[in-house]
Amino acid sequence: MKILVLNGPNLNLLGRREQDIYGTVTLDEINNSLLSLAAELDVELDFFQSNHEGELVDRLHAAIEHCSAAVVNPGAFTHYSYALRDAVAAVEMPVIEVHLSNIHAREEFRRHSVIAPVAAGQISGLGIDGYRLALRAAASLANTAARGAVGIK
Ligand code: DQA
Numbered sequence: 015m016k017i018l019v020l021n022g023p024n025l026n027l028l029g030r031r032e033q034d035i036y037g038t039v040t041l042d043e044i045n046n047s048l049l050s051l052a053a054e055l056d057v058e059l060d061f062f063q064s065n066h067e068g069e070l071v072d073r074l075h076a077a078i079e080h081c082s083a084a085v086v087n088p089g090a091f092t093h094y095s096y097a098l099r100d101a102v103a104a105v106e107m108p109v110i111e112v113h114l115s116n117i118h119a120r121e122e123f124r125r126h127s128v129i130a131p132v133a134a135g136q137i138s139g140l141g142i143d144g145y146r147l148a149l150r151a152a153a154s155l156a157n158t159a160a161r162g163a164v165g166i167k
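If you count by our numbering, then the sequence shown holds residues 15 to 167, one letter each, in order.
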């Protein structure tokens, strides 16, 4: 079973970017931590980061063929990208929305997510642990869906 880990704009700068908010952990360090968890969970991961909305949409579409779930940090697209929202709805796989910071405790414009209504769930404010929890949730939901597909209760 494969899970897509998708990161949106500016997340390539993690570790240097606004350290008071996002900490010093880099995206590579997050991804490496997810790789060791994936081994435990017996899932494979596909990683993709882009600063471009269309590339994120394309990668979600491509995931239909080979992924069973996705962990997505849409970055600022969280708050206004209807294209990404529609892509999440279209792929019909469990998508867990994750944010390093607690978007509900920040500026007003960050408190609204257009992704949340079509995501299976949202994790916000737990830093790197949020990604790890999101991966566990994605794997669990994908397993449940796979068991349902073969009629196992
Ligand atoms: C973020 C929160 C967003 O509001 C922001 O635009 C980001 C990062 C987070 O992980 O906390 O780029 O998604």
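Even glycine gets a Cβ: it sits at the ideal position worked out from N, Cα and C.
Endpoints, the beta strand (DSSP E) within which residue i is located
i	result
D60	E58 to Q63
S138	G135 to S138
beta-carbon residue i near the ligand DQA non-hydrogen atom, thresh 6 angstroms
i	result
H12	Here the chain has residues from 15 to 167 only, and residue 12 is not among them.
S142	A quick correction: the sequence has Ile, not Ser, at residue 142. Checking every heavy atom of the ligand DQA against the Cβ of I142, none is found closer than 6 angstroms.
G37	no
G68	no
R124	yes
A76	no
A119	no
N65	no
N26	no
G89	yes
Simplified DSSP assignment, three categories, for residue i
i	result
I129	coil
V86	strand
G162	helix
V112	strand
N24	coil
V208	Residue 208 lies beyond the range of the chain shown here (15 to 167); nothing can be said about it.
Whole-number beta carbon distance between residue j and residue i, since they are thought to touch under 8 angstroms
i	j	result
H126	H75	The Cβ separation is near 25 angstroms, so there is no contact.
Residue from the options whose Cα sits closest to the Cα of residue i
i	options	result
A148	A119, D100, N87 and A103	N87
A160	E106, S82, A134 and L98	S82
I142	L20, E43, V109 and I110	E43
Q63	V57, V71 and D56	V71
L49	E32, H113 and L18	L18
S115	V128, V39 and E69	V39
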